[in-house]
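A short worksheet on the structure shown next.
There are 2 protein chains.
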Amino acid sequence: MLKNKHQLALLELLHQSELFSHVDDKSLEPIINNSHRISCGKNKYINFESYKSEYCHIVEQGEVMLSRVTNDGDTYVIDVVNRGCVFGITCILEDGPDSQMLVETIRPTVLWRIPLNILRKIMAQNLNFTENLLQMEIRTRLVQDVEIEHRTVQNAPQRIACFLLIQCAFIKESPVTINLPYNKKLIAAKLGIRQETFSRALKTIKKETGTKVTGSKLIIEDIDALKLFVCEHCSLNYPCQHSLSGGRIY
Amino acid sequence: MLKNKHQLALLELLHQSELFSHVDDKSLEPIINNSHRISCGKNKYINFESYKSEYCHIVEQGEVMLSRVTNDGDTYVIDVVNRGCVFGITCILEDGPDSQMLVETIRPTVLWRIPLNILRKIMAQNLNFTENLLQMEIRTRLVQDVEIEHRTVQNAPQRIACFLLIQCAFIKESPVTINLPYNKKLIAAKLGIRQETFSRALKTIKKETGTKVTGSKLIIEDIDALKLFVCEHCSLNYPCQHSLSGGRIY
DNA sequence: CGACGTATTGACTCGGCTCAAAACCTGTGG
DNA sequence: CCACAGGTTTTGAGCCGAGTCAATACGTCG
């Protein structure tokens with residue numbers, strides 16, 4: 341089967357993504373042939389109108405915000421995701437509930453719309469895929485569990501510090517230089533705090549842990565000080581594997 | 341195979357539970373024969389020492405609190421569960437992360453310890469079971485999602501009111517009389533607030549919605565007033581199915 | 001009846017929110 | 001290269017919800 345360059349990019353994406361990495365090329369074929377490529381600029385809404393969806397999406401490039409909107413207009417940011425992330429898979433099983441997410445690009449983005457019934461066929465034939473999906477679902481649930489814990493027992497500076505530790509992943513030696521992955525208002529929203537509070541809390545972190553901040557660039561002089569600042573107030577131990585490893589699905 | 345009365349009770353429990361209800365008796369046989377019955381009083385810890393568990397549990401009767409403990413001793417209540425609930429199934433797949441829950445009975449309780457490798461065998465043979473597990477895992481994750489939303493956008497009286505609405509399930513006509521399922525301190529903990537705040541917030545609900553409170557008995561005079569009080573501040577619509585229907589797993 | 005656990009109330013503190021203003025950045029066009 | 005506009009971030013002042021600690025009231029079970 342002849343493939344164009346977009347389809348080849350999709351194939352590579354599927355190979356790299358955690359959910360599809362163990363599926364053989366033959367089974368991926370129907371996905372390639374039936375998915376729809378969406379390319380759009382920043383601040384666009386995807387799939388907003390349809391709640392009970394027959395599609396899921398995978399991000400090829402760019403960045404996407406997943407959020408929920410209450411009936412009176414408040415929003416809560418579920419997560420901000422990029423290349424390789426799958427969302428909308430919640431309703432892969434018939435008669436399951438849907439997730440009612442609002443999906444908005446925060447920079448120019450390419451993503452693919454995959455019909456769920458294609459995935460259902462793969463499930464029926466491939467126990468590996470189903471188990472992999474289950475594994476990722478479990479992991480996502482655990483991360484959320486920890487998220488609730490943090491919102492219950494941690495204050496704003498601690499939550500931000502935890503976010504920073506996750507940004508510098510498994511790096512062990514100080515100093516570490518990192519760039520914030522998106523703007524501060526969005527990070528704040530993801531952590532469930534206001535940007536003003538974020539700004540002030542960052543100053544607290546600066547003072548307490550000797551971290552340097554210039555714009556969106558941070559220099560963590562002493563990573564152990566950061567760990568001391570936050571990891572005692574958590575049920576996990578650094579490096580908290582399943583918070584770090586990607587591969588969450590929504 | 342001759343079964344004793346405890347084993348018969350387990351069989352009945354499995355039949356009624358959402359996770360196992362579609363599994364045929366022949367496949368349930370190994371569960372019956374290899375599970376261990378645990379009967380204990382209130383305020384006992386179950387399975388505390390072993391994090392990376394080879395067992396899951398199902399509650400036959402009584403009530404159990406699932407919680408997490410941070411390194412500095414703070415606790416957060418994940419859920420309070422009773423008959424039919426399965427927990428510890430998080431590590432059903434090898435090399436997955438464990439959930440590190442603290443499990444404590446809050447009244448005299450009977451539960452069964454089921455070896456996970458027995459369930460793995462059922463998974464390998466029974467796609468229905470695996471899909472059912474996946475479905476429940478997805479539903480649990482969605483409930484948690486809504487939980488995070490509520491902790492972000494709702495205040496204490498609203499969260500309590502939501503809890504009350506769930507208690508009276510699908511009942512549509514006022515007035516409704518309900519009994520709180522366990523003591524107020526624990527309800528408060530489950531909602532992520534202090535018992536003093538709970539007490540004061542309940543008074544607010546009384547004033548705002550005309551609900552009557554005497555001890556652990558509540559009379560909701562006007563269920564629409566309660567809905568008005570809380571459901572606008574939520575992304576779901578009453579009756580919010582997947583918050584209500586049981587069958588969460590942990 | 002007394003004792004112990006549970007629940008409520010009061011007084012106080014404090015973290016994070018709100019609203020408003022100022023400062024800073026970045027890109028654009030003259 | 002500068003000026004300006006728009007967006008983002010920081011700072012300030014004040015408020016309010018929920019936490020804390022301590023005292024009191026209530027319930028229930030011996």
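Protein sequences, first through last, are from chains A and B. Heads up, the numbering used here is the position in the first sequence plus 340, with the first residue counted as 1. Heads up, the numbering used here is the position in the second sequence plus 340, with the first residue counted as 1. Don't be surprised by glycine CBs; every beta carbon is placed ideally from N, CA and C.
Beta-bridge partners assigned by DSSP to A/F427: A/H397. For A/Q535, the CB contacts under 7 Å within the same chain, skipping 5 residues up- and downstream, are K524, K525, A528 in chain order. Nearest C-alpha to B/L433 among B/K343, B/T554, B/C502, B/Y395: B/Y395. According to the DSSP secondary-structure assignment, A/Y590 is paired through a beta bridge with no residue.
In this chain, the alpha helix (DSSP H) harbouring B/H346 covers 345–356.
Of B/H376, B/H346, B/T517, the smallest CA-CA separation from B/I559 is found for B/T517. For B/G587, there are no neighbours in chain A by C-beta distance under 7 Å, as the nearest C-beta there is about 12 Å away. The Cβ atoms of A/H397 and A/G436 do not sit closer than 8 Å to each other. Of all residues in the stretch 492–510 of chain A, those with a C-beta nearer than 8 Å to a C-beta of chain B are T492, V493, reading in chain order. Interface with chain A (8 Å Cβ-Cβ cutoff): B/L474 is included.
Residue nearest to A/E513 within the set A/Q507, A/V493, A/E561, A/I589 is A/E561 (criterion: CA-CA distance).
By the CB criterion at 8 Å, A/C508 and B/N411 fall outside the cutoff. Put simply, the backbone Cα of B/A501 is about 44 Å away from that of A/G550.
Using a CB distance cut-off of 8 Å, B/I478 counts as an interface residue toward chain A. No Cβ of chain B is located within less than 8 Å of the beta carbon of A/G428.
Ranked by Cα distance from B/N422, the first of B/E444, B/G413, B/Y416, B/E403 is B/E403. With at least 16 other beta carbons inside 10 angstroms of its own, A/N472 counts as buried. Per DSSP, the continuous alpha helix (DSSP H) segment holding A/T544 begins and ends at 535–549. Pairing A/F360 with A/L368 gives a Cβ-Cβ distance under 8 Å. If you draw a 10 Å sphere on the C-beta of A/I478, you find 16 or more other C-beta atoms in it, and that means buried. Within the model, the alpha-carbon separation for B/C431 versus A/S375 is close to 33 Å.
When secondary structure is reduced to three states using DSSP, A/T415 falls in the strand class. Apart from sequence neighbours up to five positions away, the residues of its chain that approach B/Y385 with a beta-carbon distance below 6 Å are E444, ordered along the chain. Using a Cβ-Cβ cut-off of 8 Å, B/S367 does not count as an interface residue toward chain A, since no Cβ of chain A sits closer than that to its own. Shown here for A/S393: same chain residues with a beta carbon closer than 8 Å to its own, the five before and five after excluded, namely N387, G428, C431, D438, L456 in chain order.
A/L442 is a Cβ neighbour of A/V409, given a cutoff of 8 Å.
Distance from the Cα of A/L451 is smallest, within the candidate group A/K382, A/M476, A/A496, for A/K382.
The beta carbon of A/E572 sits closer than 8 Å to some beta carbon of chain B.
Here the alpha carbon of B/Q465 sits roughly 47 Å from the alpha carbon of A/I533. Residue environment for A/R499: buried (at least 16 other C-beta atoms within 10 angstroms of its C-beta). Under a 10 Å Cβ-count criterion, B/G424 is classified as buried, with 16 or more other Cβ atoms of the shown protein chains found around its own Cβ.
Within the same chain, and ignoring the five residues on either side of A/M476 in sequence, the residues whose Cβ sits closer than 8 Å to its Cβ are E358, L359, G587, R588, I589.
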